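In our numbering, the protein residues as written are 77 to 552.
Cβ atoms here follow ideal geometry from the backbone N, Cα and C, with glycine treated the same way.
It should be emphasised that the depicted structure is a prediction, and the values quoted were computed from it without experimental measurement.
Worksheet: one structure, shown below.
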RNA sequence: GGCGCCGUGGCCAAGUGGUAAGGCGGCAGACUGCAAAUCUGCUACUCGUCGGUUCGAUUCCGACCGGCGCCUCCA
């Protein structure tokens, strides 16, 4: 079996990767803050992580993935206060939307979706450990901070010079008092709005709530052990989020927190990072309403390497839509019973084997989605050509099906066929029957009229092998 | 100011120290009553610009131009 390689942000290199125990990849991926529906930019990262876990499975490893749902933070609290709700009332519906969108995009569920508020005791225990080690201190306001100058490795992931005082960068003073401007909060003393929205818990340092980074360290170590195989997220999380996770985890355990760090690049729209504050957000729900199938979105995302920025445009999306239509037509042809009876050729079997080899080589080499897609499309072209020959070889058709399934087990880019309701289907069949009769008496004017009628209702027809097949297409 | 990424045909996008995958689109042909689907051929002597290293660079180095991102709660 070929070597498996993965880019590691920690070393900035592509390195051989395998789970520590040789069997199960234990991966932690930063999930959404559930105060607003995630947009396609967020989902690009989640799709990258879906690709990752599916490739691991293709390689024969088991996967235990933990994705957190951040259900307590400043924005959630602000919203709760505005709406006179508790944070749980704010986050519950958003959590549902997240899973609905996730399922629409065919993102495999993680093994665990822990919520921050369910791990308060573990987080407090971690802070106690850090205080005991002397790397964390309680400030006058009752908050607890991590002292970054007590952790020698600070900055190793982001490679930021901690001494550098950046001119031109935004230097914000937050509401808490701390010894060093760059120290980060482990535990935040409760404010009135925290109490009012249910975002405050008892702790050895008084009422308060966890800092942003704490949940990931506590939940990852609780659910996956003190050293993970891999930790993933969007590239913007490298600093400070992941840097701080490393600091607080490794200061507590003395062990490497994660062997690999993997980050996905941004999705851009209109030339800028897709973000709520930029106002160029596109939601999964919106795309779904526009009739963009999940398969096309998956194709769109996987057609650019995960570490490269991807610019969303109508043209690019349209190309994915068409590409995925080709995949579906091929899939339908391959699985039509006729394909088996007409049969393939020995060359079809060869094409199948080569396609699998090419796709796996691409995927196992730092998750090269674009090359895997190329392998898929090369296979489709060659297989179509061989199927055209009707070589009578049933075995090669079976082989082609298996190859297609194997590659598609990762990409998952066959669009669902829109089902016609029974009444429409009956009407379509009737019209096709009428057209068949017209064609039989060589009344092509009538036949074309009927086809136009069907087209107007979004039905495309194909005359193939004496039969007429139909399918629903987008109205546009 | 610091750190980092990117610039490949009309659009999207891989890739390699030895002369450019794949998709979409376009053009032509085969098939078809006509289409559709499918297949075949064509569609970058060239990989932002200028230098350098090399027998040879799109691929390595440098400079420059252009775009994007991170620099404390943003995937």
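Item, Value
"Along the beta strand (DSSP E) that carries residue 548, what are the first and last residues, could you check?", "543-548"
"In the DSSP assignment, what residue or residues form a beta bridge with residue 420?", "469"
"Count the other CB atoms, across all protein chains shown, that sit within 10 Å of the CB of residue 286; report buried if there are 16 or more and exposed otherwise.", "buried"
"Using DSSP with H/G/I as helix, E/B as strand and the rest coil, what is residue 93?", "coil"
"Mapping DSSP to helix, strand and coil, what is residue 198?", "helix"
"Quick check on DSSP: helix, strand or coil for residue 121?", "helix"
"Could you compute how far the alpha carbon of residue 351 sits from the alpha carbon of residue 532?", "39 Å"
"Tell me which same chain residues have a C-beta within less than 6 Å of the C-beta of residue 303, skipping the five on either side of it?", "331 and 332"
"From residue 199 to residue 279, what does the alpha carbon distance come to, in whole angstroms?", "10 Å"
"Would you identify the three-state DSSP class for residue 493, choosing helix, strand or coil?", "coil"
"Can at least three beta-carbon pairs, one atom from the segment 436-445 and one from the segment 388-399, be found at a separation below 8 Å?", "no"
"Cα separation between residue 252 and residue 82?", "Because residue 252 carries a pLDDT of 49, less than 50, the predicted location of this residue cannot be relied on, and the following value inherits that uncertainty. So the two alpha carbons sit approximately 39 Å from each other."
"Return helix, strand or coil for residue 339, following the three-state DSSP convention.", "strand"
"Quick one, which of 535, 162 and 129 has its alpha-carbon nearest residue 485's?", "129"
"Using only the alpha-carbon positions, how far apart do residue 306 and residue 143 sit?", "12 Å"
"Where residue 267 and residue 258 are concerned, what is the direct C-alpha to C-alpha distance, given to the nearest angstrom?", "22 Å"
"Would you decide whether residue 243 is buried or exposed? Buried here means 16 or more other CB atoms lie within 10 Å of its CB.", "With a pLDDT of 44 at residue 243, under the threshold of 50, the predicted position of this residue should be treated as unreliable, and no value is reported."
"Roughly how many angstroms separate the alpha carbons of residue 450 and residue 431, rounded to a whole number?", "9 Å"
"Mind checking residue 84: buried by the 16 CB within 10 Å criterion, or exposed?", "buried"
"Is residue 230 helix, strand or coil when you go by DSSP?", "coil"
"With DSSP collapsed to three states, give me the class of residue 103.", "strand"
"Would DSSP call residue 289 helix, strand or coil?", "coil"
"For residue 339 versus residue 314, is the C-beta spacing smaller than 8 Å?", "yes"
"Counting only the same chain and skipping the five closest in sequence on each side, list residues whose C-beta sits under 6 Å from that of residue 295.", "144, 190 and 195"
"Span of the beta strand (DSSP E) holding residue 307?", "304-310"
"Between 113, 117, 456 and 513, which lies nearest to residue 425 when the distance is taken from Cα to Cα?", "456"
"Indicate whether the contact test is met: 3 or more Cβ pairs, each with one atom in the segment 105-113 and one in the segment 163-171, closer than 8 Å.", "yes"
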